[in-house]
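Engineer: Have a look at this one.
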Amino acid sequence: MWNRAELKSRAKTVLYKNYWSCVLVNLVMMLLINGLNVKSRIEVRNENHHNVFNIDVEDMTSDPVKFLYIFVIIAFGMLFVSGIVSLILRIFVWNIFEVGGKGFFVKNQVSQPRAGELLSGFRNGNYGRVVGTLLLRDLYIVLWSFLFMIPGIIKSYQYRMVPYLLAFHPEMSRQEVFAASRDMMFGNKWDVFVLDLSFFGWVVLNIFTMGILGIFFLNPYREATDAELYTRLWNGNREGGYQS
1 MWNRAELKSR
11 AKTVLYKNYW
21 SCVLVNLVMM
31 LLINGLNVKS
41 RIEVRNENHH
51 NVFNIDVEDM
61 TSDPVKFLYI
71 FVIIAFGMLF
81 VSGIVSLILR
91 IFVWNIFEVG
101 GKGFFVKNQV
111 SQPRAGELLS
121 GFRNGNYGRV
131 VGTLLLRDLY
141 IVLWSFLFMI
151 PGIIKSYQYR
161 MVPYLLAFHP
171 EMSRQEVFAA
181 SRDMMFGNKW
191 DVFVLDLSFF
201 GWVVLNIFTM
211 GILGIFFLNP
221 YREATDAELY
231 TRLWNGNREG
241 GYQS
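Counting from 1, one number per residue, gives the positions in the sequence shown under the UniProt record's numbering.
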């Protein structure tokens with residue numbers, strides 16, 4: 001049986017031996033999902049602001065109801081387009097980098113991989129399979145969340161190992177990946193939830209540092225801990241590093 005203290009201790013050890021690469025990989029992952037989403041929203045907002053300013057000024061003063069109606073339509077259009085762009089980026093870009101990032105942190109347990117490992121999902125010949133599998137994972141979680149929040153949270157933990165399995169077991173079918181993740185998390189979901197809660201103090205400190213602590217310690221530390229968890233669950237709680 002694994003325990004939180006051991007996982008986190010090992011995570012710190014492997015993090016420090018390849019510290020700057022771990023920080024760089026995690027920073028790129030953060031910038032990709034946050035930066036691309038922000039960029040898409042800015043572009044949509046700029047386009048819609050241009051449309052707003054093209055409205056006749058006389059319309060604003062002579063018919064404020066019409067102006068409000070147009071403004072609401074533009075605002076909803078902006079949100080819709082921004083959401084679609086973000087969704088496309090998540091499906092075809094971010095999810096692929098997620099697999100590469102997870103693989104990097106697992107390999108970091110026994111070697112010193114380069115940051116280029118982030119691109120592995122694009123060049124290992126399994127791009128379509130990764131896209132389809134992670135799209136299904138996201139759909140499962142979202143659909144379960146529509147029922148109640150708790151089932152959605154449970155599903156997110158149940159399929160937590162999917163990106164790792166995609167990174168290291170391309171021979172597995174989509175069904176086998178989901179089944180393996182469910183098996184690995186069976187009886188472990190609550191303990192992993194508590195593991196996540198154990199970082200709460202660091203999260204609070206990160207807020208006070210305006211995110212700087214997250215960049216240089218907390219986020220790579222959490223990724224390294226998750227990688228240790230995957231290794232332990234995959235290896236059946238055997239001692240030692242990653243075994244494929």
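Cβ coordinates follow ideal geometry from the N, Cα and C atoms, glycine included. Please read these numbers as outputs of a predicted model, since none were measured by experiment.
1. Just reading off the alpha helix (DSSP H) that Arg160 is part of, what are its end residues?
2. May I have a chain-ordered list of the alpha helix (DSSP H) segments no shorter than 4 residues that lie completely inside the region 137-214?
3. Per DSSP, what kind of secondary structure is Arg123 in: helix, strand or coil?
4. Would you please verify whether the beta carbon of Arg182 is less than 9 Å from any beta carbon of chain D?
5. Could you tell me the alpha carbon to alpha carbon distance between Asn124 and Phe71, rounded to whole angstroms?
6. Can you list, in chain order, the residues of its chain with a C-beta nearer than 6 Å to that of Trp144? Leave out the 5 residues immediately preceding and following it.
7. Give me, in chain order, the residues of the same chain whose beta-carbon lies closer than 6 Å to that of Cys22; leave out the 5 immediate sequence neighbours on both sides.
8. Val110: which of Ala224, Gly236 and Leu233 sits nearest, CA to CA?
9. Suppose the cutoff is 7 Å on Cβ atoms and the five residues either side in sequence are ignored; what does the same chain contact list for Tyr140 look like?
10. In the DSSP assignment, find the alpha helix (DSSP H) that holds Arg114 and state where it starts and stops.
11. Please state the DSSP three-state secondary structure of Gly100.
12. Exposed or buried, residue 294, counting other C-beta atoms within 10 Å across all chains shown (16 or more means buried)?
13. To the nearest angstrom, how far is it from the Cα of Val25 to the Cα of Leu68?
14. Roughly how many angstroms separate the alpha carbons of Ser244 and Glu98, rounded to a whole number?
15. What is the residue span of the alpha helix (DSSP H) that Asn219 lies within?
16. From the DSSP output, in three-state form, read off Trp94 for me.
17. If you count every other CB in all the chains shown that lies within 10 Å of the CB of Leu229, and 16 or more means buried, which is it?
18. Would you please state the rounded distance, in angstroms, between the beta carbons of Asn206 and Leu213? I believe it to be under 8 Å.
19. Distance, Cα to Cα, Thr13 vs Val162?
20. Taking only three categories from DSSP, how would you classify Met29?
21. Would you kindly check if the distance between the Cβ of Val177 and the Cβ of Val195 is under 9 Å?
Structural biologist: The short version:
1. If you number the sequence shown from 1, residue 160 lands on position 160. No alpha helix (DSSP H) contains Arg160, which DSSP labels as neither H nor E.
2. Here the runs fully enclosed are 149-158, 162-168, 174-185, 189-197 and 200-208.
3. Along the sequence shown, one-based indexing puts residue 123 at 123. Three-state result, Arg123: helix.
4. No chain D appears in the structure shown, which is made up of a single protein chain.
5. Taking the sequence shown and counting its residues from 1, one reaches residue 124 at position 124. Taking the sequence shown and counting its residues from 1, one reaches residue 71 at position 71. If you take the alpha carbons of Asn124 and Phe71, they lie about 47 Å apart.
6. Walking along the sequence shown from the start, residue 144 turns up at place 144. Once the five neighbours on either side are set aside, the close Cβ partners of Trp144 are Pro151, Gly152 and Lys155.
7. Counting from 1 along the sequence shown, the entry for residue 22 is found at position 22. Close CB contacts of Cys22 within its chain, under the 6 Å cut and outside five residues either way in sequence, are with Leu15 and Pro220 (chain order).
8. Translated into positions along the sequence shown, residue 110 becomes position 110. In this structure, Ala224 is the residue among Ala224, Gly236 and Leu233 with its C-alpha nearest to the C-alpha of Val110.
9. To locate residue 140, count along the sequence shown from 1; it is residue 140. Correct list, in chain order: Lys155 and Tyr159.
10. Your numbering for residue 114 matches position 114 in the sequence shown. Segment: none, Arg114 is in no alpha helix (DSSP H) and carries neither H nor E.
11. Taking the sequence shown and counting its residues from 1, one reaches residue 100 at position 100. Gly100: helix per DSSP, three-state reduction.
12. Outside the displayed range of the chain (1 to 244) lies residue 294, so it cannot be described from this structure.
13. Locating residue 25 in the sequence shown gives position 25, where the first residue counts as 1. Locating residue 68 in the sequence shown gives position 68, where the first residue counts as 1. Whole-angstrom Cα-Cα distance: 45 Å.
14. Here residue 244 refers to the residue found at position 244 when the sequence shown is read from its first residue. Here residue 98 refers to the residue found at position 98 when the sequence shown is read from its first residue. Residue confidence for Ser244 is low, a pLDDT of 45 falling below 50, so the modelled location carries little weight and cannot support an answer.
15. Along the sequence shown, one-based indexing puts residue 219 at 219. It spans Asn219 to Trp234 - the alpha helix (DSSP H) in which Asn219 sits, taken as one unbroken run.
16. Residue mapping note: residue 94 aligns to position 94 of the sequence shown, counting from 1. In the structure shown, Trp94 sits in a helix (DSSP, three-state: H, G or I).
17. As a position in the sequence shown, residue 229 is number 229, starting the count at 1. Using a 10 angstroms sphere on the CB of Leu229, the tally of other CB atoms reaches 16 or more, which defines it as buried.
18. As a first step, residue 206 is located in the sequence shown; it is residue number 206 there, counting from the start. As a first step, residue 213 is located in the sequence shown; it is residue number 213 there, counting from the start. Yes, they are in contact, since the Cβ atoms of Asn206 and Leu213 sit about 4 Å apart, within 8 Å.
19. Here the question's residue 13 lines up with position 13 in the sequence shown. Here the question's residue 162 lines up with position 162 in the sequence shown. For Thr13 and Val162, the distance between alpha carbons rounds to 25 Å.
20. What you label residue 29 is simply residue 29 of the sequence shown in a count that begins at 1. Reduced to three states, the DSSP call for Met29 is helix.
21. Residue numbering aside, residue 195 sits at position 195 when the sequence shown is read from its first letter. Residue numbering aside, residue 177 sits at position 177 when the sequence shown is read from its first letter. Residue identity differs from the one stated: residue 195 is Leu in this sequence, not Val. Val177 sits away from Leu195, with the two beta carbons spaced by 9 Å or more.
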